[in-house]
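Below you'll find the structure, written out as structure tokens, and then a few comments.
2 protein chains.
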Amino acid sequence: MNTRDKIILLGDNLIRKRGYNAFSFSDISKELNIKNASIHYYFPTKTALVIAIIQKHLILLEKFKEKVSEKDSVQKIIKFLSVYSITKSEGRISILGSLSNDYFTFTAEVQTELKILTNNTLNWLTDTLKEGRQQGFFHYDMEDRKKALIIITNILGAEQLSRVTDNYDFHKIKEAIINDLIK
Amino acid sequence: MNTRDKIILLGDNLIRKRGYNAFSFSDISKELNIKNASIHYYFPTKTALVIAIIQKHLILLEKFKEKVSEKDSVQKIIKFLSVYSITKSEGRISILGSLSNDYFTFTAEVQTELKILTNNTLNWLTDTLKEGRQQGFFHYDMEDRKKALIIITNILGAEQLSRVTDNYDFHKIKEAIINDLIK
DNA sequence: ACAAATATACCTACTAATAGGTAGGTAAAC
DNA sequence: GTTTACCTACCTATTAGTAGGTATATTTGT
Numbered sequence: 001m002n003t004r005d006k007i008i009l010l011g012d013n014l015i016r017k018r019g020y021n022a023f024s025f026s027d028i029s030k031e032l033n034i035k036n037a038s039i040h041y042y043f044p045t046k047t048a049l050v051i052a053i054i055q056k057h058l059i060l061l062e063k064f065k066e067k068v069s070e071k072d073s074v075q076k077i078i079k080f081l082s083v084y085s086i087t088k089s090e091g092r093i094s095i096l097g098s099l100s101n102d103y104f105t106f107t108a109e110v111q112t113e114l115k116i117l118t119n120n121t122l123n124w125l126t127d128t129l130k131e132g133r134q135q136g137f138f139h140y141d142m143e144d145r146k147k148a149l150i151i152i153t154n155i156l157g158a159e160q161l162s163r164v165t166d167n168y169d170f171h172k173i174k175e176a177i178i179n180d181l182i183k
Numbered sequence: 001m002n003t004r005d006k007i008i009l010l011g012d013n014l015i016r017k018r019g020y021n022a023f024s025f026s027d028i029s030k031e032l033n034i035k036n037a038s039i040h041y042y043f044p045t046k047t048a049l050v051i052a053i054i055q056k057h058l059i060l061l062e063k064f065k066e067k068v069s070e071k072d073s074v075q076k077i078i079k080f081l082s083v084y085s086i087t088k089s090e091g092r093i094s095i096l097g098s099l100s101n102d103y104f105t106f107t108a109e110v111q112t113e114l115k116i117l118t119n120n121t122l123n124w125l126t127d128t129l130k131e132g133r134q135q136g137f138f139h140y141d142m143e144d145r146k147k148a149l150i151i152i153t154n155i156l157g158a159e160q161l162s163r164v165t166d167n168y169d170f171h172k173i174k175e176a177i178i179n180d181l182i183k
């Protein structure tokens, strides 16, 4: 992996573990054994770095959508929720959860990028739920987007709160979401 | 209101709007037209301030419990969820949501206080749900604590995500939680 | 093929601003 | 005369960010 990608990966992990305003360029430069100025060579500002991180997640989302496109709706949702479980086990929460918490400390440009990632995620979830409902896999009685909102906010909140209570609570909630859908 | 309480209130608002690691003592001192050192007179460290803020919320929770103790379970839940709506409209999220996001940047002492506030909130919600379920108001088929977890994480996530999407999404989710309970 | 030009990927050394925090003083109230 | 509620003046560490240098590749012109 090249230095640029390493910086993005480390920044991503730091944001999702400690939050945007709790990490500095020196956290990254120390870890990579390079100097502070070298990070500015790749990313002139911290804003430029967080935008690159969001854009990486936009690409990851597209790859995810592509990867699960042939699966049935139930498997799509299970895979989607699995993405959140994996990183949770290492103390990290999702990028959406972490960044929306710091939303008011961002420039308009970062806010716009975050909106795009959020809407892309929400739209995929809405479409997948609709598909599964029409095929008789899922059962709920409300707008598809509303159900998508409930699921995603439940996951974000669960990632957050289970830091304080118990990591196992996260898995309990995740199972409950799936059971509620296919009941 | 005395200066100490004003500092706590301002710190509380700043944490819930921008996050713990995005506010400084000077944000407070400028607003109150006092000097930085005067805040240290009341709170020797930033840690001491955040602990005082958590303890204020512990007291507020007790007052809330007392205030709604005579109401029926449905009204208790509606009032509980209203607390989250009120501050949300001013851009602030709940103290639980904001602080659990910064959990790994806190000292053990702050983490412990946050755990107490979280558990006290969760326990009240669990008991209230159980009461309402036994009296036939609420309908769900899982442990009471699990249902409490789902509700509270859903609200925390909704506060967060609706910053990015649309404030009205928060109210949609809140209504869905109530409808789901009494359906 | 070979030298010159240029781009890459860092570096040293610095800056201004801000962070949380401290030492010690003072004026007024109790 | 002690406590309260501030103050001035400072400190050290860290922050994001900049200016300009250098060694090593890579590309280009002859």
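Chains as they are written, first to last, in full-length UniProt numbering: chain A, 1 to 183; chain B, 1 to 183.
Every residue gets a Cβ at the ideal spot worked out from N, C-alpha and C, and that includes glycine.
Bear in mind that the values here come from a model prediction, so they are computed numbers and not experimental data.
Is the CB of residue i under 7 Å away from at least one CB in chain A?
i                      : result
B/Asp144               : no
B/Gln160               : yes
residue 187 of chain B : Within the shown structure, residues of chain B are numbered from 1 to 183, placing residue 187 of chain B beyond reach of any answer.
B/Arg92                : no
B/Lys46                : no
B/Asp5                 : no
B/Ala176               : yes
B/Asn154               : yes
B/Ile150               : yes
B/Leu114               : yes
Quick one: is residue i buried, meaning 16 or more other Cβ sit within 10 Å of its Cβ, or exposed?
i        : result
A/Ile59  : exposed
B/Gln160 : buried
B/Ser100 : buried
A/Ser24  : exposed
B/Asp72  : exposed
A/Ile90  : In the sequence as presented, Ile is not what sits at residue 90 of chain A; that position holds Glu. Flag for A/Glu90 reads exposed.
A/Tyr41  : exposed
B/Asp141 : exposed
A/Thr45  : exposed
B/His139 : exposed
A/Ile67  : It should be noted that the sequence gives Lys, not Ile, for residue 67 of chain A. Label assigned to A/Lys67: exposed.
B/Lys174 : buried
A/Asp144 : buried
Apart from the five residues on each side of it in sequence, which residues of its chain come closer than 8 Å, Cβ to Cβ, to residue i?
i        : result
A/Glu109 : Thr47 and Ile51
B/Ile28  : Ile7, Leu10, Gly11, Leu14 and Ile39
B/Asp102 : Gly19, Tyr20 and Asn21
A/Phe64  : Lys79, Phe80 and Val83
B/Phe43  : Ile7, Leu49 and Ala52
A/Gln55  : Glu113
Going by DSSP in three states, residue i sits in which element: helix, strand or coil?
i        : result
B/Gly136 : coil
A/Arg18  : helix
A/Ser94  : coil
A/Asp102 : coil
B/Asn179 : helix
B/Glu113 : helix
A/Ile28  : helix
A/Ile151 : helix
A/Asp166 : coil
B/Asp72  : coil
B/Glu62  : helix
A/Glu143 : coil
B/Lys88  : helix
A/Thr121 : helix
B/Lys174 : helix
A/Phe80  : helix
B/Thr107 : coil
A/Asn33  : coil
Under 7 Å, Cβ to Cβ, is there at least one residue of chain B near residue i?
i        : result
A/Gly157 : yes
A/Asn120 : no
A/Asn123 : no
A/Phe104 : yes
A/Val164 : yes
A/Ser100 : yes
A/Arg18  : yes
A/Lys172 : yes
A/Leu181 : no
If contacts are defined as beta-carbon pairs under 8 Å, then residue i and residue j qualify, I think. What distance do you get, rounded to the angstrom?
i        : j        : result
B/Ser94  : B/Leu181 : Going by Cβ atoms, the distance from B/Ser94 to B/Leu181 rounds to 19 Å, so no, they are not a contact pair.
B/Asn36  : B/Ser26  : 6 Å
A/His171 : A/Ser98  : Not a contact, Cβ separation roughly 20 Å.
A/Phe104 : B/Lys17  : 6 Å
B/Thr165 : A/Thr118 : 6 Å
A/Val74  : A/Phe137 : 5 Å
A/Thr112 : A/Leu61  : The pair is not a contact, with the Cβ atoms about 16 Å apart (cut-off 8 Å).
B/Ala158 : A/Thr126 : Actually they are not in contact, since the Cβ atoms of B/Ala158 and A/Thr126 sit about 16 Å apart, beyond 8 Å.
B/Ile150 : B/Ile77  : In fact, because the Cβ distance is near 13 Å, the residues do not count as touching under 8 Å.
Within the same chain, show all residues whose beta-carbon is closer than 6 Å to that of residue i, passing over the 5 residues directly before and after it, in chain order.
i        : result
A/Met1   : none
A/Ala176 : none
A/Asp169 : Ser162
B/Gly132 : Ser73 and Phe138
Can you give me the Cβ contacts of residue i inside the same chain, cut-off strictly under 7 Å, excluding the 5 residues immediately before and after it?
i        : result
B/Glu31  : Leu10
A/Lys183 : His139
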